[in-house]
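In our numbering, the protein residues as written are 1 to 129. Here a beta-carbon is modelled for each residue, glycine too, at the ideal position from N, C-alpha and C. Just below is one structure, and these are the notes that go with it.
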């Protein structure tokens with residue numbers, strides 16, 4: 001027995017490189033790098049999807065040339081005032097007094113109409129949209 005522990009023969013001792021590979025540290029480093037890259041790619045895809053959704057919402061809202069007021073009666077939304085749309089899917093001109101069920105109007109969603117209405121807005125907590 002050696003001074004501080006069992007003695008090893010020189011032929012049984014590992015080189016520093018062999019100890020590194022035997023410890024498995026390199027595998028953990030590769031996994032961490034791969035995980036970091038995967039999360040970065042996932043975050044990038046998520047940002048692209050959010051940007052595409054934002055552009056789509058902007059394009060939908062550009063269809064409204066003039067906004068009026070919006071009211072809710074039961075499950076029906078009522079457009080009052082001088083709503084005007086610039087789209088071929090909806091009638092053009094003054095649409096005051098038009099009613100529709102809460103899913104939307106053409107490409108516009110109820111949330112789009114709510115955010116554009118004169119008596120409401122994006123930070124309104126009225127519960128319409």
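Give me whichever residues DSSP pairs with residue i in a beta bridge.
| i | result |
| --- | --- |
| residue 105 | 108 |
| residue 128 | Paired residue(s): none; residue 128 is not in a bridge. |
| residue 14 | DSSP lists no partner for residue 14. |
| residue 72 | 77 |
| residue 99 | 78 |
| residue 64 | 85 |
Among the options, which residue has its Cα nearest to the Cα of residue i?
| i | options | result |
| --- | --- | --- |
| residue 80 | 48, 118 and 108 | 118 |
| residue 116 | 60, 43, 18 and 15 | 60 |
| residue 64 | 125, 109, 18 and 16 | 109 |
| residue 83 | 56, 113 and 73 | 113 |
| residue 58 | 15, 124 and 111 | 111 |
Helix, strand or coil for residue i? Go by DSSP, reduced to three states.
| i | result |
| --- | --- |
| residue 136 | Any question about residue 136 goes unanswered here, given that the chain covers just 1 to 129. |
| residue 22 | helix |
| residue 120 | coil |
If I measure Cβ to Cβ from residue i and keep anything under 6 Å in the same chain, skipping five residues before and after, which residues do I get?
| i | result |
| --- | --- |
| residue 99 | 76 and 78 |
For residue i, which residues in the same chain have their Cβ closer than 7 Å to its Cβ, ignoring the five residues on either side in sequence?
| i | result |
| --- | --- |
| residue 101 | 75 and 76 |
Return the chain-ordered list of same chain residues with a C-beta closer than 8 Å to the C-beta of residue i, the five sequence neighbours on each side being excluded.
| i | result |
| --- | --- |
| residue 24 | none |
Exercise for the section: Examine the Cβ distances between the segment 65-78 and the segment 44-52 and report whether three or more of them are shorter than 8 Å. Expected result: The segment 65-78, when compared against the segment 44-52, does not touch it at the 8 Å Cβ threshold.
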